[in-house]
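A short worksheet on the structure shown next.
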Amino acid sequence: MNTAMSGTKFGKSQKRVEDARLVRGKGRYVDDMILPGQAYAAFVRSPYAHARIVNIDASAANDMPGVIRIVSGQDLLDAQYPPLPNIWMLHSRDGSEIKAGIRNALATDAARYAGEPVALVVAESREQARDAAEAIAVDYDELPVVADPTRALADGAPQLHPGIANNRAFDWEIGDEAATDKAFANATHRVSITLYNNRLVPNAIEPRAINVQWEGVEERMTIYITHQNPIGMRMLFSAVFGLAAEHKLRVVAPDVGGGFGSKAPAYQEEMAVAFAAKLIDRPVKWTADRSESFLTDAHGRDHLTYAELAMDGEGRFLGLKVHTLANLGGYISFSGALIPTYMYATMLCGQYAIPAAYCRVEGVYTNTCPVDAYRGAGRPEAAYVIERIVNVAAAKLGVDQAEIRRRNFIRSFPHQTPLVYEYDSGSYEACLDAALSLADYSNYAERKAGSEAKGLIRGVGISAYVEACGIGPSALLAKLGGGGNMWESAEVRVHPVGTIEVLTGAHSHGQGHQTTFAQVVADRFGVPMENISVIQGDTDRIQAGTGTYGSRASVGMSAVLNSCDKIIAKGKLISAYLLEVDAETVEFDDGVFSSKATNRTVAFGEMAFAAHAAAAFPTSEIEPGLVATSFFDPPNFTYPAGVYVCEVEIDPQTGVVRVDSFCAADDFGVIANPMIVEGQVHGGITQGIGQALWEQAVYDPDTAQLVTASYMDYGMPRADGIPDFKLTFCETPSPSNPLGMKGCGEAGAIGSPPAVINAVCNALGIDHVDMPATPEKIWRLCQLREAS
Amino acid sequence: MAIIAMTVNDKPVEIDVADRTLLIHVLRDHLRLTGAHVGCDTSQCGACTVHLDGRAVKSCSILAAQANGAKIVTVEGLAQGETLHPMQAAFHEEHGLQCGFCTPGMIMTAIDIVNRHGRPDEATVRAELEGNLCRCTGYHNIVKAVIAGAAKMEAAQ
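If you read the sequences in order, they're chains V and U. Quick note, the first sequence lines up with residues 484 to 1271 if you use the numbering used here. Quick note, the second sequence lines up with residues 27 to 183 if you use the numbering used here.
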């Protein structure tokens, strides 16, 4: 491991190079683009959450102005266009395979959630396409609906997919049930909790968009798509949908306006638009409006969980047992099976040395939007379970919430958990101390008294999260049910004048990779940042990679570093000829090749020119040119961790919970750019506070209609509801990559919901309240509190 | 159809548009000024904010015909050549943006806040940003950027 990036760029708060175009309004987002011959798509969507499609009458729409083509699910079937894939194969407890319902790009037999696309209109303008979509008459046969997984599992419930009994897609388990039962039998204390992890809408502010161009003569397709993984999409569009051979398919994700996991799946709409573009041999663009985003962007979370914790007489954890119903929505989304299983259950032990653990997860179909990865993807759900039950345990034992955590922390690394994963490194107690100090925890009682004097109720909540980032290695993921392919690639091209292009398969949707990836190269080569371009998101330029999700930048940056080191190794060979010394004696530091055998030096740029001139060295021994490619497959996940302390003030007259202070101590390993990392933590914590206090996708239980389908109805965090944050970092390098990095993008959204709810429960002296802790819910609890 | 005459970023323009056309679509599709973005269909997100006769408006809520005769400034009209508007510079320096999609609207709103409040305090900025949504930054650095931008705008006068 080499964490010694000793230059002046890496590890420093470099201002972002991507800002230059973004603050001028010169960003390049998919919807900004109009291609020659541009046509526009609009969707006909099912108004019912569950309905058989009897007939689609497009005759009126066909004759409307500008209409070019109308596509239905039957057209896709006629063209033998396959259904969408589920990329994660699981086996249930009884050994049977996951039961995946068929999901076509446009619904064919039936619609299974409100807003599911049923037909597609292509027209000369966006408005014409929409007008025509409204004129298409679909004859539906309404079917009974079920939005709640508990009801969906019951005998006699409406059935969503033929042949899938009780709507159960899988009944999966992990851990040692017998050992866990034994731990419970031997325990002094047992506590339990039933909690609901509320369904969220990701709400990237840029809606999903795609623009597809088909060049019939060459059978080439170019897809511009707002996506987190353009290279992965090329494989899918080609291998699964056969829209063009992979070498003739170009997928470009230009500037992407936020993703948070919601732009990682393959969606019905994008598949249908690509099909239509090929059909009419013209570029077709579709941009979701916000209502469509609410209805159809893969939602997040939605777990109903029962958990039990066993302890000895001193409050040491002996065993953890968890049973979760995961609401999958109407279909298993792209990686919808992965999130509530290997991304969730594996992290349930949190930061604690728990000898025995067992978790059972049932994946259930309901008439709701499919659920997939959303900021943290499974880890927030896990952190919420363990960090809530730990506080219930602390209350039962009368132990301080910081003390019970300290008593149970994992203290030596690597640490093999009973749930597959081996934590790489950490310093959990140091993080707790840092967070408590930042929060002035020891003087909490004074602040509580101050609130009481104002007629307000103050509470403090602690949460200690750990998560898994930088997903890999490939072989492990393949073993767990994924296809593998968890490496990242990087090509570093040094031009004759010494300027550098870095081509990375990672892809930024706000994380600032153009800056941080350049920082690695600038320091490794000892060259100015201005000499470096970071190229991403275009498969005609970057041939291999796996994109950005699960805080994978550490994997991508490690590939960049390895490519730099290959360049330096070759540079030493070339410099040896220029210096007329033995290659073994050549050293490279801060942009200069030197040798103790001579006083002469070779600057990086001189070496680069010599590599291309190819005159100073024998080309039979050293190839001309200066390009290096690396594929980095991490040996393990990385395990960022942290401790958050939240203080809330509740007004019992209104039930409004105000987050008064929020302090975060995070261990992200080595940090490339503190300014950018802090920004990501701010965003994550805000999403977590949103989940804890306001956000929820609410479906009407009788109709399965989404009743929170706009920014008017859905509780998005706004600037005036969020406090000033205090952050600090506790750095323990990860041994899982050469830079020692861990990952920071999801942390805030993982650690903050339990911190906020722990504070609310602490304030009200209750065991639990389900998220979101809305004023109405809290006001009722305040009334009960007063009555007692 | 109607002929709309406006001044956009100091340039006079004349466009023939359908009656129902919104200002945002004239700016983005006809004038190819794609800095203002469409982020919602309920006038909640503020990504489409531009200045109309000196006031911040959500251009998705204005018919192009209503802007007839108006002076429009979009985010593209702020910088003077290489020199960023002080508020643009503040967003860069305070790391007030991540994905950048909400940023043009945020900057146009921020300038309007400063025009109305001078040197606003944090509570004022947070309250005034109520109509602009950001999912990346948690608003923390946006608030800092608006306060810093206000100081820069005052210094530039």
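Quick reminder that beta carbons are idealized off the backbone N, C-alpha and C, glycines included.
Against residue i, what residues of chain U qualify as contacts under a CB-to-CB distance less than 9 Å, listed in chain order?
i	result
V/Met1254	Here the premise fails: no neighbours, minimum Cβ distance about 18 Å.
V/Val659	Looking at the sequence itself, residue 659 of chain V is Asp, so the reference to Val does not match. Those do not exist, as V/Asp659 stays about 40 Å from chain U at its closest Cβ, beyond 9 Å.
V/Lys498	His118, Glu119, His121
Beta-carbon of residue i versus every beta-carbon of chain U: anything under 9 Å?
i	result
V/Lys492	no
V/Asp514	yes
V/Ser774	yes
V/Phe526	no
V/Asp631	no
V/Gln457	Because chain V here runs from 484 to 1271, residue 457 of chain V falls outside it and cannot be looked at.
V/Asn444	Outside the shown range of chain V, which is 484 to 1271, sits residue 444 of chain V, and nothing can be said about it.
V/Pro1123	no
V/Ser517	Residue identity check: residue 517 of chain V is Ile in the sequence provided, not Ser. Chain U contact via Cβ: present.
V/Ile1159	yes
Tell me whether residue i is buried or exposed, calling it buried when 16 or more other Cβ atoms sit within 10 Å of its Cβ.
i	result
V/Ala1273	Nothing can be reported for residue 1273 of chain V, as the shown portion of chain V is limited to 484 through 1271.
V/Ile887	buried
V/Asp785	buried
V/Glu698	exposed
V/Glu702	exposed
U/Met27	exposed
V/Thr677	exposed
V/Leu1264	buried
V/Glu599	buried
V/Gln563	exposed
V/His730	exposed
V/Ser946	buried
U/Asn94	exposed
V/Asp1073	exposed
Could you check whether the Cβ of residue i sits closer than 9 Å to any Cβ belonging to chain V?
i	result
U/Gln106	no
U/Gly95	no
U/Ala28	no
U/Gly65	yes
U/Val101	yes
U/Asp55	yes
U/Pro146	no
U/Thr75	no
U/Ile133	yes
U/Thr33	no
U/Gly126	yes
So if DSSP puts residue i in a beta bridge, which residue, or which two residues, is it bridged to?
i	result
U/Gln106	U/Thr109
V/Thr1137	Per DSSP, none; premise fails for V/Thr1137.
V/Val1110	V/Arg976
V/Ala1086	V/Val1075
V/Ala840	V/Leu803
V/Arg528	V/Pro600
V/Phe1000	Paired residue(s): none; V/Phe1000 is not in a bridge.
V/Asp540	V/Ala620
U/Ser69	Answer by DSSP bridge pairing: none, since U/Ser69 is not bridged.
V/Ser946	V/Tyr1127
Interface residues of chain V around residue i at Cβ under 8 Å?
i	result
U/Leu110	Val506, Arg507
U/Val169	Ala1202
Using a cut-off of 8 Å between C-beta atoms, extract the partners of residue i located in chain U.
i	result
V/Ser1193	Cys66, Asp67, Thr68, Gln70
V/Phe743	Arg161
V/Val1128	By Cβ distance, chain U contributes nothing, its closest Cβ being about 17 Å from V/Val1128, past 8 Å.
Quick check on residue i: does DSSP put it in helix, strand or coil?
i	result
V/Asn1014	helix
V/Pro600	strand
V/Tyr867	helix
V/His533	coil
V/Thr486	Annotation note: pLDDT 49 at V/Thr486 (below 50); position unreliable, no value reported.
V/Pro713	helix
U/Ala31	strand
V/His1104	One detail in the question is off: residue 1104 of chain V reads as Glu in this sequence, not His. Reduced to three states, the DSSP call for V/Glu1104 is coil.
So which residues of chain V does residue i contact, with C-beta pairs closer than 9 Å?
i	result
U/Thr60	Gly508, Lys509, Gly510, Arg511, Tyr512, Asp514, Asp515, Met516
U/Pro38	Ordered by position in chain V, no residue passes the 9 Å Cβ test against U/Pro38, which lies about 20 Å from the chain.
In chain U, what lies closer than 7 Å to residue i by C-beta?
i	result
V/His1165	Thr163, Gly164, His166, Asn167
V/Ala687	Arg161
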